[in-house]
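Comments concern the structure below.
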Amino acid sequence: MEKPTVLTGIKPTGHPHLGNYIGAIKPALEMAEDSSSQGIYFIADYHALNSVQDPQKYKEYTYEIAAAWLSLGLDPEKVVFYRQSDVPEILELHWILSCLTPKGLMNRAHAYKAKVEENNQEGNDPDAGVNMGLFTYPILMAADILLFNSNKVPVGKDQVQHVEIARDIAENFNRTFGDAIKLPEYVIEEETAVIPGLDGRKMSKSYGNTIPLFAEEKALKKLVNKIVTDSTPPEEPKDVKGSSLFTLYKEFATKEEMEAMREKYEIGIGWGQVKKEVFEVMNRELSEPRRKYYDFLNNKEEIDKILAKGAEQARQTAAAQLKRIKEMIGC
Ligand code: ADP
Ligand code: TRP
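Residue 196 in this note's numbering sits at position 176 of the sequence shown, and the numbers go up by one each step.
Here you go:
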C-alpha cells in the first residue's frame, strides 16, 4: 500500500522565533522521523507575499526558514522539501479551485473576518488594507494541500479552519467532476503549549515580544533575563502553571530536569536563578543548530541546490495530479 502523505508549510514572514519552533517546526520534525508516511515540507513564500513586499526581506526570510528547517534536522533525503514558488502547478490549481469556491466561504475565513472587524471598529472602509492575496489565502493553501493528495496536515490551531476549507473545496470538486482529490485531515498537537513571549502574551511577531530562535548566546541571555515575572520573593513557593519561564524550560530540559525544577518552584526559588537555568538548557539545545543555521546562511548556494532538487521531485507528483484534474474539467 502507498504510504500516507503528511504535508505542511511555513510562511516566511519574519525571523523564526521560539514560538514557531515549539509550535510548528518541532512537531513537524518529529513527524518527519516517521518512516511509515511520506513527508512533504515547503516554504510557503507566495503566502507571505500578501504582507512581505520588500524583495530583500522576502528573499532573506525564505532562506532563514529553509536554514531553520535544515539546521534543526529536516533530512531532504527522507522528505520532499521545496519552495512553493518553484512549483508553478500549485498556481494553476489555485485558479481551478478559485472557480469552484463560493465567495461566501472566503468571507467567513478568520483572517479576513478579523481584518474587516478591525476596520469596522476603527471606522475604516471594511476592506481597507485587504488585498486579494489575503482574501483568497485559503484557496492557495487548499491548492498546496490538494495537489499532493495529502492525507494529514500538521498545523497550529490558528490554521485548522484553513484545512477545513481545503476539505470543503475538495468535496466541491469531487461532487462536480468526479472523485479525483483526497480529503485531507488536520493534525494539531494538543500538547503544544502556546509559547509566551517576553511580556507574557503569546509570542508573536505582531507583538514584538519574540525570542529569535537563533539569537547568539549573549543576546539570548539578555532576552531570557527580560522575560516578565511577578514580584514573589525567592523563598516563597511558586506555581509552575502560568509561569512563562517554566513553559519555556519544559521544552528544552530533560524530564528529570523538569521534575527537579518543579520541586524548586514548590520549595521556593528566585526568578533570577530560574532565568539562569532556562538560559542554560536553551543554549545547550540550540547551540549546535545555531552553528549549522549560520553555516547554511553563509552558503546559500547549498540551500538553493537542496530546494531545486526538492522542487523537481514535487513537480513530478504535482504534474501528474494536475493533468488528471485538467482532463476531468475538460481542459
Ligand atoms: P507570528 O504570530 O509570529 O506571526 P506565525 O503566525 O507566522 O507567527 O506562526 C507560524 C507557525 O508557528 C504557526 O503554525 C503557529 O501556530 C506557530 N506559532 C507561532 N507563535 C506561536 C506561539 N507563541 N506558540 C506556539 N506556536 C506558535
Ligand atoms: N498558512 C500556514 C500558516 O500561516 C502556512 C501554510 C501555507 C500551510 N500552505 C500550507 C500549512 C499548507 C499547511 C499546509 O502557518
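Glycine included, every Cβ here is placed at the ideal spot set by N, Cα and C. Computed from a prediction, not measured in an experiment: that's the story for all the values here.
Does DSSP put residue i in a helix, in a strand, or in coil?
i           : result
residue 27  : strand
residue 174 : strand
residue 103 : strand
residue 60  : strand
residue 35  : coil
residue 54  : coil
residue 98  : coil
residue 128 : coil
residue 69  : coil
residue 290 : coil
residue 111 : helix
residue 9   : Beyond the ends of the chain as shown, which are 21 and 351, falls residue 9; an answer cannot be given.
residue 40  : helix
residue 140 : helix
residue 338 : helix
residue 22  : coil
residue 180 : helix
residue 150 : coil
residue 303 : helix
residue 145 : coil
residue 93  : coil
residue 350 : coil
residue 48  : helix
Apart from the five residues on each side of it in sequence, which residues of its chain come closer than 6 Å, Cβ to Cβ, to residue i?
i           : result
residue 139 : 146, 148
residue 65  : 32, 82, 103, 104, 105
residue 68  : 31, 32, 33
residue 295 : 244, 245
residue 271 : 42
residue 241 : 299
residue 213 : 267
residue 154 : 70
residue 338 : 107, 109, 167
residue 335 : 107
Tell me which same chain residues have a C-beta within less than 7 Å of the C-beta of residue i, skipping the five on either side of it?
i           : result
residue 94  : 49, 52, 61, 101
residue 182 : 158, 161
residue 414 : Residue 414 is absent from the structure shown; the chain starts at 21 and stops at 351.
residue 349 : 116, 197
residue 216 : 222, 223, 264, 267
residue 163 : 110, 113, 114, 117
residue 71  : 33
residue 330 : 96, 100, 101, 102
residue 120 : 189, 192, 193, 196
Distance, Cα to Cα, residue i vs residue j?
i           : j           : result
residue 244 : residue 29  : 29 Å
residue 274 : residue 281 : 11 Å
residue 254 : residue 219 : 20 Å
residue 285 : residue 59  : 40 Å
residue 169 : residue 25  : 7 Å
residue 228 : residue 312 : 26 Å
residue 165 : residue 204 : 8 Å
residue 342 : residue 195 : 17 Å
residue 308 : residue 238 : 15 Å
residue 76  : residue 283 : 48 Å
residue 44  : residue 175 : 7 Å
residue 301 : residue 107 : 39 Å
residue 259 : residue 278 : 14 Å
residue 54  : residue 98  : 10 Å
residue 38  : residue 233 : 5 Å
residue 78  : residue 235 : 20 Å
residue 257 : residue 73  : 49 Å
residue 303 : residue 144 : 46 Å
residue 92  : residue 131 : 29 Å
residue 346 : residue 126 : 24 Å
residue 129 : residue 276 : 43 Å
residue 141 : residue 225 : 23 Å
residue 324 : residue 317 : 11 Å
Residues in the same chain with beta-carbon distance under 8 Å from residue i, minus the five sequence neighbours each way, listed in chain order, please.
i          : result
residue 57 : 23, 24, 25, 26, 51, 171, 172
Quick test of the definition: if touching needs 3 or more C-beta pairs under 8 Å, does the segment 117-137 touch the segment 87-100?
no
Mind listing, in chain order, the continuous beta strand (DSSP E) runs of no fewer than 3 residues lying wholly within the segment 183-265?
205-207
Is it true that the segment 287-305 meets the segment 247-266, where meeting means three or more beta-carbon pairs spaced less than 8 Å apart?
yes
If contact is defined by three or more beta carbon pairs under 8 Å, each pair taking one atom from either stretch, is the segment 184-201 in contact with the segment 218-233?
no
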